[in-house]
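Visitor: Below is a structure I'd like to ask you about.
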Amino acid sequence: MSGHLPVMLNEVLAALAPRDGAHYVDGTFGGGGYARAILEAADCTVLGIDRDPEAIARGRKLVEHFAGRLTLVEGEFSRMDEFAGVSDGVVLDLGVSSFQFDTPARGFSFREDGPLDMRMSLSGESAADLVNTADERTLSQIISRYGEEKNARRIARALIAARPVTSTAQLAKIVSDAQGPAALRHAIHPATRTFQALRIHVNDELGELERGLEAALKILAPRGRLAVVSFHSLEDRIVKQFLARHSDTRPRASR
34 MSGHLPVMLN EVLAALAPRD GAHYVDGTFG GGGYARAILE AADCTVLGID
84 RDPEAIARGR KLVEHFAGRL TLVEGEFSRM DEFAGVSDGV VLDLGVSSFQ
134 FDTPARGFSF REDGPLDMRM SLSGESAADL VNTADERTLS QIISRYGEEK
184 NARRIARALI AARPVTSTAQ LAKIVSDAQG PAALRHAIHP ATRTFQALRI
234 HVNDELGELE RGLEAALKIL APRGRLAVVS FHSLEDRIVK QFLARHSDTR
284 PRASR
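All letters in the sequence shown, in the order written, are residues 34 to 288 by this note's numbering.
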């Protein structure tokens, strides 16, 4: 397994407060960082879930290391109520994993060129399928809604004019060129929001989150704990609204 440590590991451990004899669900297993830390913090068990078959395959060594205490399941975390019984805690670290982001062949990043894929599960519609078949209005709506990109219409028009779009480097250049030289002076790369938008749509990340939160509610034991790490306002809004509906206190969020 990778030595990568989750960005908010200490905060998640503090929120979950792992204890001996308890059972936890890591709904976004990824590189196994949270699962390992939970298992090292207490004599407990963990069910790790990930829709990426490569994450499950890489996790087998960790399963062997924690013999009998770690179980892995390939699937969406929105189905955790099908995979897990009553649980004392659930952790969800939303978005793309470091392994997915750092592997050019997966097509999540423009830092290195790779096929325009972006699928977490390796099945279904890819980002290339979407970019090369959707009409201008659909592409513009996706980029605007999920990327919160003000130049969405201009970008969608440029993508359609440049078809076929097959690689991450090609996509990044088209998006950057569509926004002009001024966009390069911004703090983030001009293609960042478009990449985010396409990835969220391809993987139905917001729908998965909404369903996953409800599934977590079904399996959490009384006084069970839910820790969610979100990275942008769209995810954050869904989590806060969920917590507000199902909690007597206002949600406490740090990221």
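No residue lacks a Cβ here, since even glycine has one placed at the ideal position from N, Cα and C.
Have a look at the DSSP bridge pairing and note the partners of D83.
Guide: Per DSSP, E107.
Visitor: Counting only C-beta atoms, is S130 closer than 7 Å to chain D at any point?
Guide: Here there is only one protein chain, and chain D is not present.
Visitor: Specify the secondary structure class of H219 as computed by DSSP and reduced to three states.
Guide: Coil, per DSSP.
Visitor: In the DSSP output, what is D126 paired with across the bridge?
Guide: Note: D126 sits in a beta bridge opposite V262.
Visitor: Excluding the 5 residues flanking S120 on each side, which residues of the same chain have their C-beta closer than 7 Å to its C-beta?
Guide: Excluding sequence neighbours, S120 sits near H56, Y57, V58, I252, L253, A254 and G257.
Visitor: Would you tell me roughly how many angstroms separate the C-alpha atoms of F132 and L246, rounded to the nearest one?
Guide: Approximately 24 Å between the Cα atoms of the pair.
Visitor: In the DSSP output, what is P148 paired with across the bridge?
Guide: In the DSSP output, where bridge partners are listed per residue, P148 has S200.
Visitor: By Cβ distance, which residues of its chain are closer than 6 Å to R226, with the 5 residues on each side in sequence left out?
Guide: Closer than 6 Å at the Cβ level, and outside the excluded window around R226, lie G180 and E182.
Visitor: To the nearest angstrom, how far is it from the Cα of R218 to the Cα of E145?
Guide: Their backbone Cα atoms lie some 21 Å apart in a straight line.
Visitor: Grab the span of the alpha helix (DSSP H) containing D114 for me, first residue to last.
Guide: D114 -> alpha helix (DSSP H) spans M113 to F116.
Visitor: Specify the secondary structure class of R256 as computed by DSSP and reduced to three states.
Guide: Three-state DSSP puts R256 in a strand.
Visitor: DSSP three-state label for D59, please.
Guide: Correct three-state label for D59: strand.
Visitor: Assuming R93 is part of the alpha helix (DSSP H), what are its boundary residues?
Guide: Where R93 is concerned, the enclosing alpha helix (DSSP H) stretches over R93 to H98.
Visitor: Nearest-angstrom Cα distance between R288 and G63?
Guide: Because R288 carries a pLDDT of 43, less than 50, the predicted location of this residue cannot be relied on, and the following value inherits that uncertainty. Going from the Cα of R288 to the Cα of G63 covers about 19 Å.
Visitor: Measuring CB to CB, does A75 end up less than 7 Å from R52?
Guide: Yes, Cβ-Cβ distance for A75 and R52 is below 7 Å.
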